[in-house]
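Please read the structure below before turning to the comments.
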Amino acid sequence: MASHDQSYRVGETKGRTEEKTNQMMGNVGDKAQAVKDKAKETAQAAKDKTQQTAQAAREKTSEMGHSTKESARSGKDNTPGFMQQTGEKVMGIAQGATEAVKHTLGLGQHHDQDPTLHHRDF
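Numbering of the sequence shown is given in full-length UniProt numbering, commencing with residue 1 and proceeding in unit increments.
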């Protein structure tokens, strides 16, 4: 009978071992699936963040382009006025230089002086 009891115990031990092995394999499988799901979620979150960052960069670049375009238009609109002012200043300086040369050479008009002083003999 000992052999029958031994066979029974061996069978019982084998059954428990298989059950434990199946439980452990199930736990490992569950953990592996959890890791896989977490990795997938992390990858998706990174992808979403990258897309958001790219979209924000596109929007910022577009805003900067519009701002630059508006600045260029503003500068273009102001150019004629600036050129006119500059031209007037240059003309004023040239006129002043001309008058200074005339005065130095005695060619300038002097309303309050004797008309005979207008002409110098060299």
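The beta carbon of each residue, even a glycine, is placed where N, CA and C say it ideally should be. Computed from a prediction, not measured in an experiment: that's the story for all the values here.
G92 and R73 have their C-alpha atoms spaced approximately 30 Å apart. Under the three-state reduction of DSSP, G87 is assigned to helix. DSSP places L107 outside both helix and strand once states are collapsed to three, so it counts as coil. If you draw a straight line from the Cα of Y8 to the Cα of K14, it comes to about 10 Å. Distance between G29 and K20, taken at the CA atoms: about 14 Å.
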